[in-house]
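Right, one structure below, let's go through it.
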Amino acid sequence: MTNDLFDLTGRSAVVTGAAGGIGSAVATALAAAGAIVMVTDIDGTAAATVAERIAVDGGKADSMAFDVSDRDAADAVMGRAAGLGDGAVHIVVNNAGVTAPAMFGDTSQDSIRRMLDIHLMGAFNASQAALPYLATDGRGRIINVTSSAGITGTLGQVNYSAAKAGIIGLTKSLARELARKNILVNAIAPLAATPMTETIRTDERFAPTMLNRIPLRRWAEPAEVAGAFVFLASDAASFVTGQVLPVDGGMVM
């Protein structure tokens, strides 16, 4: 019975930014739970590699190149994902993201726009494109990826923090609006050792301070945060919506 709560067999899932890091781990975990996963990334070749690895491990996956800032591309991705299963899209994970650290005085308008286009508008585009296909039988899920930077702010990342805070607002508003359609919308704020976090993990100016802020005194591996996505995608989370779940070793508790 407990295992059945986390069974995603037959459900179609779309994961953006899934070529590496957290996205790859999430796509792999969803497939292991039985989902049919559309692996997407701006790097289509890398996305295909992840999908092939899932298939080798016995899972079901397809892949597409996807620039999340392109609304027309979002329509194409969601239409293809719906065709992978029963005609519905059950799970959308808005994970695509980039960073461009800079102190506020050195942050350009172009940098702000790029962060908003990829993080906030990317989540908006994918979610809106998925809406006509999202399951309304209680299995429809949107899971957005935010960050502790969007909750508490962070030094030298005004652009990134603002975009991630916007995702929190998007999550909560969508959760209220889509509840009437039985679609659940939540966000996860993960902290993992990925290429995106390499600089802050290894820079001697920031690394010790950052590590001291984490009660568990380490960074997670991507696979360690992927289980939270499976939880929110599953029937175990059937009464959870509008929440931001930090998976960060206790950093923002």
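Under this note's numbering, the first residue of the sequence shown is numbered 34, with each subsequent residue one higher.
Even glycine gets a Cβ: it sits at the ideal position worked out from N, Cα and C.
Fair warning: this is a prediction, and the values are worked out from it, not measured in the lab.
What residue range is occupied by the uninterrupted alpha helix (DSSP H) comprising residue i?
{"i": "G112", "result": "R104 to A115"}
{"i": "N127", "result": "That residue, N127, is in no alpha helix (DSSP H); its beta strand (DSSP E) goes I124 to N127."}
{"i": "K197", "result": "V191 to L211"}
{"i": "N158", "result": "M154 to A163"}
{"i": "D100", "result": "Neither: D100 is in no alpha helix (DSSP H) and is coded neither H nor E."}
{"i": "M148", "result": "Q142 to M148"}
{"i": "I233", "result": "E231 to T235"}
Do residue j and residue i have their beta-carbon atoms positioned less than 9 Å apart in this structure?
{"i": "Q190", "j": "A135", "result": "yes"}
{"i": "G187", "j": "I221", "result": "First, the amino acid is wrong: residue 187 is Thr here, not Gly. No. Outside cutoff."}
{"i": "A198", "j": "V126", "result": "no"}
{"i": "G173", "j": "A121", "result": "yes"}
{"i": "M154", "j": "A133", "result": "no"}
{"i": "T61", "j": "R86", "result": "yes"}
{"i": "M301", "j": "S181", "result": "Shown here, the chain extends from 34 to 286; a query on residue 301 therefore has no answer."}
{"i": "V83", "j": "N128", "result": "no"}
{"i": "A106", "j": "I151", "result": "no"}
{"i": "A162", "j": "R213", "result": "no"}
{"i": "I233", "j": "N192", "result": "no"}
{"i": "I7", "j": "V218", "result": "This structure cannot settle anything about residue 7, because the visible part of the chain is limited to 34 through 286."}
{"i": "A259", "j": "L278", "result": "no"}
{"i": "G282", "j": "A253", "result": "yes"}
Considering just the uninterrupted stretch of the beta strand (DSSP E) at residue i, what are its terminal residues?
{"i": "G173", "result": "G173 to V178"}
{"i": "L278", "result": "V277 to V280"}
{"i": "T73", "result": "I69 to D74"}
{"i": "S57", "result": "Run containing S57: none in the beta strand (DSSP E); it sits in the alpha helix (DSSP H), G54 to A65."}
{"i": "I247", "result": "It is not in any beta strand (DSSP E) - I247 carries neither H nor E in the DSSP assignment."}
When burial is assigned at 16 or more other CB atoms within 10 Å of the CB, is residue i buried or exposed?
{"i": "L207", "result": "buried"}
{"i": "N245", "result": "exposed"}
{"i": "T204", "result": "buried"}
{"i": "L167", "result": "buried"}
{"i": "S271", "result": "exposed"}
{"i": "V248", "result": "Val is not the amino acid found at residue 248; the sequence shown has Pro there. So P248 ends up on the exposed side."}
{"i": "T49", "result": "buried"}
{"i": "D74", "result": "buried"}
{"i": "T140", "result": "buried"}
{"i": "D37", "result": "exposed"}
{"i": "G92", "result": "buried"}
{"i": "A88", "result": "exposed"}
{"i": "D119", "result": "exposed"}
{"i": "D143", "result": "exposed"}
{"i": "G138", "result": "exposed"}
{"i": "M34", "result": "Caution applies to M34, whose pLDDT of 49 falls short of 50 and renders its modelled position unreliable; the value that the coordinates give is listed next. Looking at its Cβ environment, which holds fewer than 16 other Cβ atoms inside 10 Å, M34 is exposed."}
Quick check on DSSP: helix, strand or coil for residue i?
{"i": "M34", "result": "Only weak support is given to the placement of M34: the predicted model assigns it a pLDDT of 49, under 50, and the question is left unresolved by the model."}
{"i": "V83", "result": "helix"}
{"i": "V89", "result": "helix"}
{"i": "A94", "result": "strand"}
{"i": "L41", "result": "coil"}
{"i": "V273", "result": "coil"}
{"i": "A46", "result": "strand"}
{"i": "L224", "result": "coil"}
{"i": "A135", "result": "strand"}
{"i": "A240", "result": "helix"}
{"i": "V218", "result": "strand"}
{"i": "L188", "result": "coil"}
{"i": "A253", "result": "strand"}
Report back the beta-carbon spacing between residue i and residue j to the nearest angstrom; my notes put them in contact at under 8 Å.
{"i": "M71", "j": "V101", "result": "In fact, because the Cβ distance is near 13 Å, the residues do not count as touching under 8 Å."}
{"i": "A269", "j": "F39", "result": "6 Å"}
{"i": "P223", "j": "G53", "result": "The Cβ separation is near 14 Å, so there is no contact."}
{"i": "L164", "j": "I124", "result": "About 14 Å; that fails the 8 Å criterion."}
{"i": "A114", "j": "A266", "result": "Not really, about 14 Å apart at Cβ, beyond 8 Å."}
{"i": "A66", "j": "V263", "result": "5 Å"}
Would residue i count as contacting chain B if we go by Cβ distances under 9 Å?
{"i": "F264", "result": "Of the protein chains in the structure, only one exists, and it is not chain B."}
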